[in-house]
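Numbering (our numbering), first residue to last: 1234 to 1348.
1) Take residue 1293 and list the residues in its own chain whose beta-carbon comes closer than 8 Å to its own, dropping the five residues that flank it on each side.
2) Is the Cβ-Cβ distance between residue 1284 and residue 1306 less than 8 Å?
3) Roughly how many angstroms separate the alpha carbons of residue 1236 and residue 1310, rounded to a whole number?
4) Counting pairs of beta carbons, one from the stretch 1246 to 1264 and one from the stretch 1297 to 1306, are three or more of them closer than 8 Å?
5) With the cut-off set at 8 Å, would you say residue 1270 and residue 1317 are in Cβ contact?
6) The alpha helix (DSSP H) with residue 1321 in it runs from where to where?
7) Just curious, the alpha helix (DSSP H) that residue 1280 is in, first and last residue?
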């Protein structure tokens, strides 16, 4: 991914995060996301789990298009969860950057030592 593409992706995440934050105060009758927020954490978690399962099934089917579609749904609902918890997607990107170049085995061992 080029630097330009990375900046464009970051811009999309930032715009979506701003929209999700704005929906926190929206009328639940006017917005799907506002309705999810109104239903509470359990409803959001249920959607994340549902979308994760649909992503798994799309992968099992082997359909590239379905995998992309369902992963977009999973990311979207994960971002709803993050917004509800006051976590900006940049914080997740920072954590991924921290892990970059670090062996997965080493990173996992570090988690056990430093929970």
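From the three backbone atoms N, C-alpha and C, an ideal C-beta is built for every residue, glycine too.
This is what the structure gives:
1) none
2) yes
3) 26 Å
4) no
5) yes
6) Where residue 1321 is concerned, there is no enclosing alpha helix (DSSP H), given that its DSSP letter is neither H nor E.
7) 1274 to 1294
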